[in-house]
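Right, one structure below, let's go through it.
Protein chains in written order, with full-length UniProt numbering: chain A, 1 to 480; chain B, 1 to 480; chain C, 1 to 480.
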């Protein structure tokens with residue numbers, strides 16, 4: 001830890017948030033690189049190429065058999081989760097809504113291009129050296145981006161757009177390697193990405209946040225809170241994530257019963273989570289009042305935790321149990337764990353992704369391992385068992401369970417290791433990140449409109465007359 | 001009415017809005033009960049079970065024939081209507097947006113679990129005592145929940161979360177019985193639920209509101225209005241309801257032409273409603289200005305009214321006529337009927353569900369009865385007539401029309417009767433409901449952020465200097 | 001120009017924004033006309049008629065072969081773009097959110113009915129004199145309406161609802177003729193409507209705005225800006241447009257690979273646009289801050305520009321290049337061209353549709369022409385080439401390219417010519433448009449709630465004490 005310490009001192013210089021050169025340079029250079037790499041590597045796959053008609057006539061297929069019709073509605077739902085869901089979920093801060101929804105937009109749009117390349121190189125590079133993309137590739141690219149958006153939640157308001165671009169570039173690279181190991185080498189199943197997406201993304205973000213620890217962040221504390229309308233905006237994000245999570249977990253599941261079952265399991269787990277989140281939120285607050293932070297975030301934990309097992313025969317009551325537990329654990333995390341982590345572990349987690357993605361993700365990995373290990377032919381059917389787990393050779397449910405557990409470890413290691421590495425890079429004083437008293441403030445990266453609200457600071461005081469000095473100041477100022 | 005009167009006196013005690021014990025207790029107990037009951041009763045249906053692959057191979061079916069692909073896009077649209085549509089439609093109150101969208105979220109998530117059980121027991125209990133669920137069950141559960149959310153509209157801002165949970169539990173139970181009678185015993189058709197969902201839900205809510213009449217509600221009148229941005233939030237709800245209503249009415253219609261026709265009819269009826277709503281809103285206001293209340297609500301009436309007949313051969317112009325009438329009736333309802341009902345019938349209807357759901361629902365039932373009675377083989381085709389109405393034995397269109405009318409009566413009776421019963425229960429002084437001067441205020445059930453807006457009450461006055469006293473108070477306060 | 005000048009003088013009378021007679025009259029008369037015309041002309045098509053079951057049994061088709069399942073998910077996405085996308089995109093003005101989302105709702109709902117008729121008369125009038133409608137007709141009607149909503153963007157805040165109704169009626173009529181010429185006579189391909197929808201709509205709106213030029217519009221300049229929350233609302237519109245644009249461009253493309261490819265191309269072009277828009281926005285602002293106007297609008301330019309060529313074999317890198325260029329051009333348009341056009345060309349373009357729809361639309365037309373002209377059998381396959389371009393007889397790619405270019409000219413001519421014509425009509429002093437100092441203000445057409453914000457005008461001043469007079473006024477007022 002010595003080198004980390006000295007590195008930290010090196011980086012303590014005055015901050016300059018002007019990204020007028022660095023941001024455009026990064027954007028243009030990377031986008032140009034994308035065009036060149038796409039030109040070399042990316043082509044349409046069989047179902048989206050105009051030669052498909054020959055294929056269709058030969059095999060006497062119906063138009064409907066095109067992969068597009070199996071996956072496109074789910075893809076669109078996932079797309080909404082990525083851009084509106086994650087974007088608006090983070091708008092809860094009173095003066096960082098532009099940054100939340102705008103930077104989310106930028107890194108998602110950039111990230112998905114890089115994801116198509118990385119996932120292609122690792123997953124579907126053909127013998128001709130070309131990557132063939134179709135609707136499933138688009139879904140996978142969105143999934144890949146999701147892990148970086150989760151990580152963004154931990155550092156929300158504390159980094160610049162350039163840092164986010166760097167974080168996304170490395171995050172997607174790491175993701176593609178991690179996913180390749182988990183899916184293609186270990187042969188673990190993870191349709192909803194509890195491990196691959198959520199566990200990895202959350203630990204990646206938390207490690208970065210730990211590396212970027214700001215001891216004097218309380219100087220921005222007046223901005224690290226919500227206002228009434230920003231909480232309502234955040235509910236737009238929450239609800240679109242919540243509603244479309246069944247599509248997220250079923251989007252790349254097996255055709256037919258696989259997708260069908262994944263959607264049902266997720267629907268049930270999420271419903272159960274909402275009820276227990278409300279219970280915990282009310283029980284642990286004075287006067288039993290509900291806290292919007294819990295309603296906005298913990299209600300989603302069930303969807304995360306049911307991700308891996310969603311396409312297994314988890315059974316409806318199993319989904320409810322998973323959701324039940326996650327609602328409780330996630331809410332308690334917000335109440336007890338987040339303050340603890342900030343105080344003792346020096347991890348500042350703006351959106352509480354540890355409670356929403358990390359813990360439920362790990363639970364999801366464990367649930368997946370247990371469900372896989374407990375699979376029997378009597379429950380799945382002989383064919384069904386093979387189909388669900390893609391068993392080849394002498395694989396057995398018990399082995400599969402072990403592999404699932406191994407996959408979970410891989411996801412955690414990649415997240416923590418990658419996060420520390422990238423955190424080091426992001427500490428370099430060249431990325432235009434804000435000073436401690438400028439965090440959570442759109443002012444530094446956005447042209448802001450002249451609001452009524454923002455232009456009345458001296459006249460603001462609360463009902464209980466705590467700020468009496470302010471009023472007197474106002475009055476005196478008016479008299480002179 | 002004597003007993004009601006004495007019961008009312010019994011209930012007039014000071015209010016305590018602290019639900020710290022009751023809300024968590026209810027949530028945990030009920031969710032635990034759900035898990036046990038799901039464990040005993042609920043299993044995957046044939047299309048979502050992993051044995052489906054055997055079935056598919058036997059019958060040489062395509063993957064595409066899985067029910068999932070017929071209904072899932074519609075399901076997701078309905079899901080958005082339930083959570084974003086109903087939730088945001090009710091955010092129009094200036095200080096009850098958290099309660100609107102948050103409690104809507106809670107009761108919908110709880111209700112859909114109970115609905116799966118109730119509808120299963122009545123509708124699809126197999127010989128092995130198990131309820132098999134698939135994507136159609138999820139849609140039906142969402143439909144069932146919709147009726148309770150409609151009822152919530154009548155009592156919005158005047159009840160506690162615990163009361164809403166009780167109201168939902170009974171509402172869904174009543175719904176399942178009513179639906180069973182209408183669909184399985186009377187054999188009426190009601191794909192879009194004009195009768196089953198809207199008429200029942202609206203009268204259920206109105207009866208409860210009548211039982212919970214608050215003579216001194218005007219004490220909260222300063223909060224029973226909107227602000228500029230809360231009206232824009234409400235438009236999010238309106239538009240998602242409006243746009244996805246074709247999916248609502250077609251979600252469980254017959255495969256193929258049934259779903260297709262239901263979507264077209266609903267699309268047209270809604271378009272027509274918007275135009276006449278604007279006409280009426282402008283015509284009945286001073287200076288021809290439009291009223292957001294009408295635009296937010298009455299524009300949806302056509303979708304309600306076309307629900308029953310949507311899958312019939314209503315013809316495109318028929319849909320336009322239904323929408324035309326409903327836009328007029330619903331808007332006039334907001335202008336004349338809602339004040340009348342509050343003043344003379346003692347029914348306080350916060351969202352005006354009588355105008356948006358009750359009247360259009362009844363119209364929908366009547367339109368359905370007439371359209372069914374007028375059905376002929378020349379219009380429908382011999383096979384088409386049987387297919388559309390599921391005729392068995394000696395059924396004829398005329399008989400079907402009569403049955404449709406009977407179904408409408410059942411829906412109204414269940415709504416009114418059930419509402420009075422549940423209203424009695426909700427009058428018990430144990431549910432933590434707010435006092436008359438605390439209605440429409442999130443303050444009592446939510447941890448609120450410290451807003452600029454909410455902390456400036458003494459400085460507020462309007463352009464026309466009506467509140468001159470307030471200003472003088474402010475000034476004096478500042479001088480001392 | 002002499003007659004235009006004198007006509008302008010004729011129209012310079014005091015303004016009356018009361019539309020209490022005209023708006024209801026127009027709505028009721030036109031809606032009644034719709035019902036009569038629908039009664040005479042519109043019927044269900046084969047796939048939505050109850051006779052479909054006979055057809056299905058004869059040809060041994062699956063239920064899934066119904067056109068509904070090919071197009072309905074895309075239709076719903078397009079529907080969301082029309083009502084939420086366009087509606088909320090225009091809510092950015094601080095005091096015109098009701099007008100933006102409300103009038104958008106009205107003219108879209110009216111317009112789609114008229115579009116079904118117009119497009120039917122020109123495109124699908126059967127030998128029995130009936131127009132058969134199905135899900136594809138609904139998509140086309142939504143497309144048709146889109147062109148009028150684009151035009152609305154140019155005149156946002158400066159016209160009355162009655163003017164918008166007139167503008168929509170003529171706009172849709174012109175659209176149907178233009179579309180008929182381009183698609184059915186010239187046989188150009190334009191699945192995503194770069195030319196047919198965007199180019200036409202934008203020039204139609206710009207020409208109207210030119211005809212309605214207001215030299216003293218700066219009197220409303222205090223309202224022609226955004227506030228913090230209105231910019232967040234606008235991002236809802238931006239994101240739903242952005243996310244669902246792949247559905248827009250693929251909605252009426254060929255079944256199978258056509259729809260599939262159109263979605264992929266659009267997805268990629270849009271992703272690329274976001275990155276270059278951010279680069280330009282940062283590069284051309286002081287301190288490198290991003291401008292919300294660019295993020296809200298220019299990020300969509302790639303979707304417009306890839307519309308025509310989306311279903312061709314544009315190749316993934318081709319899509320990225322198109323998006324790359326459009327992000328740059330559109331953002332520069334906002335920075336340099338919009339002020340230039342207002343100052344020198346007397347075109348006041350509220351939403352900057354010239355940068356979002358006109359220029360990218362023209363680029364889209366050109367890209368389409370080049371891509372078509374460069375098509376070869378080696379890239380498309382023999383069957384694929386015929387299928388993609390619907391070649392009949394002696395058509396060749398080169399010819400097709402020429403036809404595509406001709407189509408672009410037709411779109412521009414119809415837009416400019418039609419706009420000037422309709423602009424003349426809209427200058428008549430009978431439509432209730434607002435005075436120059438009343439533009440961008442919901443006050444004149446909507447019953448507004450009593451906001452805290454809106455009722456504190458005299459107390460507002462900014463941090464830098466620029467408005468010191470206002471404060472003194474306030475103080476003096478309080479003392480007296």
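From the three backbone atoms N, C-alpha and C, an ideal C-beta is built for every residue, glycine too.
Could you name the residues of the same chain whose beta carbon sits closer than 7 Å to that of residue i, not counting the 5 residues immediately before and after it, in chain order?
i, result
"residue 455 of chain B", "Unreliable placement is indicated for residue 455 of chain B, whose pLDDT of 40 sits below 50; the coordinate value is still reported in the next sentence. Answer for residue 455 of chain B: no residue qualifies."
"residue 317 of chain A", "none"
Closer than 6 Å by C-beta to residue i: which residues in its own chain qualify, once you throw out the five before and the five after it? Chain order, please.
i, result
"residue 320 of chain A", "268, 272"
"residue 435 of chain A", "15"
Just list the residues that DSSP pairs residue i with in beta bridges.
i, result
"residue 189 of chain A", "Paired residues: none, contrary to the question."
"residue 446 of chain A", "C:290"
"residue 42 of chain B", "B:131"
"residue 226 of chain A", "A:93"
"residue 125 of chain B", "B:131"
Within its chain, find whatever has a CB closer than 8 Å to the CB of residue i; leave out the 5 residues flanking it on each side and keep chain order.
i, result
"residue 119 of chain A", "137, 140, 141, 144, 176, 179"
If we count the other Cβ atoms within 10 Å of its Cβ and call it buried at 16 or more, is residue i buried or exposed?
i, result
"residue 261 of chain C", "buried"
"residue 525 of chain B", "The structure shown does not extend to residue 525 of chain B, since chain B spans only 1 to 480, so no value can be given for it."
"residue 56 of chain C", "buried"
"residue 483 of chain B", "Outside the displayed range of chain B (1 to 480) lies residue 483 of chain B, so it cannot be described from this structure."
"residue 296 of chain B", "buried"
"residue 132 of chain B", "buried"
"residue 286 of chain B", "exposed"
"residue 481 of chain C", "What the structure shows of chain C is the stretch from 1 to 480, and residue 481 of chain C is not part of that stretch, so it cannot be assessed."
"residue 44 of chain B", "buried"
"residue 276 of chain A", "buried"
Is there at least one non-hydrogen atom of the ligand ATP closer than 8 Å to the beta-carbon of residue i?
i, result
"residue 353 of chain C", "No copy of the ligand ATP occurs in the structure displayed, which carries no ligand at all."
Report the three-state DSSP secondary structure of residue i (helix, strand or coil).
i, result
"residue 454 of chain B", "In this predicted model, residue 454 of chain B has a pLDDT of only 44, less than 50, meaning its place in the structure is not dependable; the value taken from the coordinates is given anyway. In the structure shown, residue 454 of chain B sits in a helix (DSSP, three-state: H, G or I)."
"residue 212 of chain A", "coil"
"residue 55 of chain B", "helix"
"residue 311 of chain C", "coil"
"residue 149 of chain A", "helix"
"residue 278 of chain C", "helix"
"residue 375 of chain A", "coil"
"residue 75 of chain B", "helix"
"residue 61 of chain A", "coil"
If contact means a Cβ-Cβ distance below 9 Å, which residues of the stretch 19-30 of chain C contact chain B?
19, 20, 21, 22, 23, 24, 25, 26, 27, 28, 30
Could you name the residues of the stretch 133-156 of chain A whose beta carbon sits closer than 8 Å to any beta carbon of chain C, in the order they occur along the chain?
133, 134, 135, 138
Which residues, in chain order, does the stretch 70-84 of chain C contribute to contact with chain B at a C-beta distance below 7 Å?
72, 73, 76, 79, 80, 83, 84
Check distances from the C-beta atoms of the stretch 96-108 of chain A to those of chain C and list, in chain order, the residues that come in under 7 Å.
97, 98, 101, 102, 105, 106
Beta carbons nearer than 8 Å to chain B: which residues of the stretch 307-322 of chain A have them?
313, 315, 316, 317, 320, 321
Between the stretch 377-391 of chain C and chain A, which residues of the former have a C-beta closer than 8 Å to a C-beta of the latter?
379, 380, 381, 383, 384, 385, 387, 388
Contact list for the stretch 52-68 of chain B against chain A, Cβ threshold 8 Å:
52, 53, 54, 56, 57, 62, 63, 64, 66, 67, 68
Got a sec: which bits of the stretch 290-301 of chain C sit with their beta carbon under 8 Å from any beta carbon on chain A, in order along the chain?
290, 291, 292, 295, 299
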